Amino acid sequence: MIVAEDKDTLRTQLKEFFGYTSFRGNQETVIRNILSGRNTFVIMPTGAGKSLCYQLPAMIRDGLAIVISPLIALMKNQVDQLNAYGIHARFLNSTLSKGEITRLKKDCVTGSVKLLYVAPESLNKEDNISFLQKVKINFVAIDEAHCISEWGHDFRPEYRKIKTMIAQLGDLPVIALTATATPKVQLDIQKNLQMEEADVFISSFNRKNLYYEVRPKKETKKQLIRFLKERKGKSGIIYCLSRKKVEEIAQLLNVNGFSAAPYHAGLEPDVRIKNQDDFLNEEVDIIVATIAFGMGIDKPDVRFVVHYDVPKSLEGYYQETGRSGRDGLEGICLMFYSHNDLNKLEKFNKDKTVQERENARVLLQEMEFYAESPVCRRRQLLHYFGEEFTLPNCGSCDNCVHPRERYDGMDSVKTVLEAARQTNERFGLNHLINVIRGTEDEYVKSYGHFDLPVYGTGGDEEQDFWKSVVRQALIYQYLEKDIENIGVLKLTEKGKKFLVKPHPIELARDHDFTTSIEDEEVSSERAPAQAKSYDEKLFEMLKTLRKQVARHKNLPPYVIFQDPSLEEMATTYPTTKEDLAAVNGVGMGKVNKFGKEFLELIQKYTEDNDIETATEVVVKSSVNKSKIKIFIIQQIDRKVDLEEIAESKSLTFEDLLTEIENICYSGTKLNLDYYIDEVLDENKQNQIFDYFLNSETDSLEEAMSDSGNSDYSEEEMRLMRIKFLSEYAN
Ligand code: ADP
Ligand code: MG
Ligand code: ZN
Numbered sequence: 002m003i004v005a006e007d008k009d010t011l012r013t014q015l016k017e018f019f020g021y022t023s024f025r026g027n028q029e030t031v032i033r034n035i036l037s038g039r040n041t042f043v044i045m046p047t048g049a050g051k052s053l054c055y056q057l058p059a060m061i062r063d064g065l066a067i068v069i070s071p072l073i074a075l076m077k078n079q080v081d082q083l084n085a086y087g088i089h090a091r092f093l094n095s096t097l098s099k100g101e102i103t104r105l106k107k108d109c110v111t112g113s114v115k116l117l118y119v120a121p122e123s124l125n126k127e128d129n130i131s132f133l134q135k136v137k138i139n140f141v142a143i144d145e146a147h148c149i150s151e152w153g154h155d156f157r158p159e160y161r162k163i164k165t166m167i168a169q170l171g172d173l174p175v176i177a178l179t180a181t182a183t184p185k186v187q188l189d190i191q192k193n194l195q196m197e198e199a200d201v202f203i204s205s206f207n208r209k210n211l212y213y214e215v216r217p218k219k220e221t222k223k224q225l226i227r228f229l230k231e232r233k234g235k236s237g238i239i240y241c242l243s244r245k246k247v248e249e250i251a252q253l254l255n256v257n258g259f260s261a262a263p264y265h266a267g268l269e270p271d272v273r274i275k276n277q278d279d280f281l282n283e284e285v286d287i288i289v290a291t292i293a294f295g296m297g298i299d300k301p302d303v304r305f306v307v308h309y310d311v312p313k314s315l316e317g318y319y320q321e322t323g324r325s326g327r328d329g330l331e332g333i334c335l336m337f338y339s340h341n342d343l344n345k346l347e348k349f350n351k352d353k354t355v356q357e358r359e360n361a362r363v364l365l366q367e368m369e370f371y372a373e374s375p376v377c378r379r380r381q382l383l384h385y386f387g388e389e390f391t392l393p394n395c396g397s398c399d400n401c402v403h404p405r406e407r408y409d410g411m412d413s414v415k416t417v418l419e420a421a422r423q424t425n426e427r428f429g430l431n432h433l434i435n436v437i438r439g440t441e442d443e444y445v446k447s448y449g450h451f452d453l454p455v456y457g458t459g460g461d462e463e464q465d466f467w468k469s470v471v472r473q474a475l476i477y478q479y480l481e482k483d484i485e486n487i488g489v490l491k492l493t494e495k496g497k498k499f500l501v502k503p504h505p506i507e508l509a510r511d512h513d514f515t516t517s518i519e520d521e522e523v524s525s526e527r528a529p530a531q532a533k534s535y536d537e538k539l540f541e542m543l544k545t546l547r548k549q550v551a552r553h554k555n556l557p558p559y560v561i562f563q564d565p566s567l568e569e570m571a572t573t574y575p576t577t578k579e580d581l582a583a584v585n586g587v588g589m590g591k592v593n594k595f596g597k598e599f600l601e602l603i604q605k606y607t608e609d610n611d612i613e614t615a616t617e618v619v620v621k622s623s624v625n626k627s628k629i630k631i632f633i634i635q636q637i638d639r640k641v642d643l644e645e646i647a648e649s650k651s652l653t654f655e656d657l658l659t660e661i662e663n664i665c666y667s668g669t670k671l672n673l674d675y676y677i678d679e680v681l682d683e684n685k686q687n688q689i690f691d692y693f694l695n696s697e698t699d700s701l702e703e704a705m706s707d708s709g710n711s712d713y714s715e716e717e718m719r720l721m722r723i724k725f726l727s728e729y730a731n
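According to the numbering used here, the residues represented by the sequence shown are 2 to 731, in order.
Here it is, written out as structure tokens:
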């Protein structure tokens, strides 16, 4: 009964319905899985694109897809976004009137509704169940599925009844999606939904476009204002710990000429809602909030998240920073850190039980280590969530962009590992350090650890030095945390090998957040400036127009077009409906709904400024070389297939390669791995790569005539030469 969609069909449908040129991450495999009728469980970080995993299959299949989603506020937003694409989506929740419900039911039965968003409370009503039994339903999607689990952070009792409700509608395939699920929560969700056999798709939690930075909390207001001045007019969130602080900072910003609004639970509901809407509708740029804000925030173009105060846990921090850069463009995550904040947070816990206090303290300690550590932020965050990031430099965090001074840590790591070994791998950080430094406390005494060979051998260094070494040994996987006994550190295989045969290890010293600002060089802007490859003037004009259209239609601006689409328009200058529909994220549905004014604006702009438009470029491709180059760079950045890039610019594949080579020779790095990995196996890649590595020249003729290379086509050689040039020459 199920027809397997081939690759091209699915892609065509993606473009047709959503205007996107390619799938992201796991999307395509997930979609195929649910289309083939299998139960599917998806764990993807915030902003990765979970919605599409059920929205596209809903469009492809005849009939209706039900989407269970916990937040009524978010439901309307999602339905608006789908409607903007010309997709018939509706919602069913307690905000609808009787008349609206009757109409909705009719539209569902006649089959024109493709996606129905339902709150679990509404699905529980007998009325609704009996009417849904008459509708042809394809599958059920459960968004924010972690709400099912009591062990998760957003438990909703109604969610536990979902399976029973679905069962009344028939034997339907289920796709459950969430951004946070520890293994325990994951199992809980699968059990509750009785889908232990489901195919599970876990994506990497790495958010490549986010930049992480920690600065000492000194002259913070000055630092903050300087930071915001560089980003005037951009959307951002500033998190503070208390309501009072939220009010104070919002006011400070307004006095300094920024447009900011406060958000916290102490505000009157209507004020709170207005502030949130103003932020979504770009009436204010900055929202200053306690962490309560953002549960339902899906604004794709948040360009920065600032933590004015230290968050309570790394989980929370990661969720909050995750709200920036959902559209894949810039997202700066800046945290102001002071040790004193940790002490304050610890005091908040004084009324809790001993166990709760201890758990909270462990979370805070993780926060402290993260902030003070010299190790790549990305690597630390991913390590925390059980994922290893092993690139030596992520290029997008303060510790990688401004590396700390290194030293050889061979002897120190050896001391730490010896301490763990000699105490039989049964102790935690503090005890190990006491043993190393020869600090005689109760535990050392009662276990007689002063007799160990390692005891007191590290007395010359401060406690903080050793903490830092232990942390780095953990992150580099010489030590690991014992799962059963909280706090206990054990040797890994790698650590055991190291003790047998130690080797030099590069470590760095922690940040010293007690020194003055000047020493830490924080007064200068540290995030890497990104060169803009699009026409900024046109981009600003398009943004203004988008805001007008949005206000007129009473929708948030990003529902009309998202920033990446505007950037592309300001690069390719589309002036026909077809060209506009070709822009990533647009598609014909949006062109027909919103395109006219945008096309007119671009047309006028290109005439006023004598700019070749996309259509003309295709005809006279030699005229506008640099624009094609920018286009190619952007498309490669988005991992679009080379064939497709060539086709969209009416180039032959060879001409495209020539363009790409020119780009490389003029010093721009291009990462073609996504394409090369598809067309060349690893073995072949290595052989050609080695050839270039050892060859005197990068001449293609020579490479081709070299008899040892007769197995490779010219195209393959060229692709690998580009890779080689990008990795070594640029
Ligand atoms: P999540 O629910 O996982 O947090 P969303 O489904 O809200 O993420 O998607 C985040 C953003 O990614 C949205 O702005 C969406 O338009 C965009 N997006 C999703 N899939 C794609 C794709 N294949 N190509 C380009 N953009 C995409
Ligand atoms: Mg989502
Ligand atoms: Zn890094």
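From the three backbone atoms N, C-alpha and C, an ideal C-beta is built for every residue, glycine too.
Since we're looking at a predicted model, the values are computed, not measured.
Asked, Found
"Beta carbon shell of the ligand ZN at less than 5 Å from a heavy atom", "Cys377, Arg379, Cys395, Cys398 and Cys401"
"Top-ranked residue by Cα proximity to arginine 379, from Ile634, Ile476 and Phe654", "Ile476"
"Contact set for leucine 658: own chain, Cβ-Cβ below 6 Å, skip 5 residues either direction", "Arg719"
"The ligand MG heavy atom lying under 7 Å from the CB of lysine 51", "yes"
"For aspartate 642 and glutamate 648, the rounded distance between their alpha carbons", "10 Å"
"Burial state of alanine 293 (16 or more Cβ within 10 Å)", "exposed"
"Cβ-Cβ separation, arginine 25 to alanine 59 (assumed contact under 8 Å), whole Å", "Rounded, the Cβ-Cβ distance is 18 Å, inconsistent with contact."
"Residue environment, arginine 438, which counts as buried when at least 16 other CB atoms sit within 10 Å", "buried"
"Whether asparagine 210 touches glycine 332 by CB criterion (8 Å)", "yes"
"Residue nearest to leucine 671 in terms of C-alpha spacing, selected from Glu715, Glu601, Cys54 and Ile633", "Ile633"
"Status (buried if at least 16 other CB within 10 Å, exposed otherwise) for glutamine 28", "buried"
"Among Val363, Asn94 and Gln478, nearest to phenylalanine 390 - alpha-carbon criterion", "Gln478"
"Of the residues Thr221, Ser204, Met196 and Ala361, the one placed nearest proline 46, counting alpha carbons only", "Ser204"
"Heavy atom of the ligand ADP within 7 Å of threonine 13 beta-carbon", "no"
"Contained alpha helix (DSSP H) runs [length at least 4] in the region 114 to 144, N- to C-terminal order", "121 to 124 and 127 to 133"
"Buried or exposed (CB count within 10 angstroms, at least 16 for buried), histidine 504", "exposed"
"Reference methionine 608; option with closest CA among Phe595, Gln169, Glu683 and Tyr574", "In the sequence under discussion, the amino acid at residue 608 is glutamate, which differs from the methionine named in the question. Comparing Cα-Cα distances from glutamate 608 to each of Phe595, Gln169, Glu683 and Tyr574, the minimum goes to Tyr574."
"Where the beta strand (DSSP E) through methionine 336 begins and ends", "332 to 338"
"Cα-Cα separation, lysine 164 to serine 95", "21 Å"
"Exposure of phenylalanine 280, with buried meaning 16 or more beta-carbon neighbours within 10 Å", "buried"
"Residues of its chain near alanine 266, where Cβ-Cβ distance is below 6 Å and the 5 sequence neighbours each way are ignored", "Ala293"
"Whole-number beta carbon distance between isoleucine 143 and isoleucine 69, since they are thought to touch under 8 Å", "5 Å"
"Of the listed residues Asp452, Ala85 and Ile102, nearest to phenylalanine 92 (C-alpha basis)", "Ile102"
"Limits of the unbroken beta strand (DSSP E) element including alanine 90", "90 to 93"
"Glycine 732 CB to nearest heavy atom of the ligand ADP below 7 Å", "Look at the range of the chain in this structure, 2 to 731, and you will see that residue 732 is not part of it."
"Reference asparagine 431, options Ser37, His384, Trp467 and Cys109, closest by Cα", "Trp467"
"The ligand ADP heavy atom lying under 7 Å from the CB of arginine 25", "yes"
"Inter-stretch contact at 8 Å, needing at least 3 Cβ pairs: the region 572 to 588 / the region 12 to 20", "yes"
"Three-state class that DSSP yields for aspartate 271 in the structure shown", "helix"
"Same chain, Cβ closer than 7 Å to glutamine 82, five either side skipped, listed in chain order", "Val560"
"Which of helix, strand or coil DSSP assigns to glutamate 197", "coil"
"Coarse secondary structure for alanine 168, derived from DSSP in three states", "helix"
"Whether histidine 450 touches valine 436 by CB criterion (8 Å)", "yes"
"Neighbourhood of proline 121 by C-beta, 8 Å cutoff - its chain only, sequence neighbours within 5 removed", "Ile69, Pro71, Arg157, Glu159, Tyr160, Lys162, Ile163 and Met166"
"8 Å Cβ cutoff met for aspartate 172 and arginine 39", "no"
"Beta-carbon gap between valine 289 and proline 263 smaller than 8 Å", "yes"
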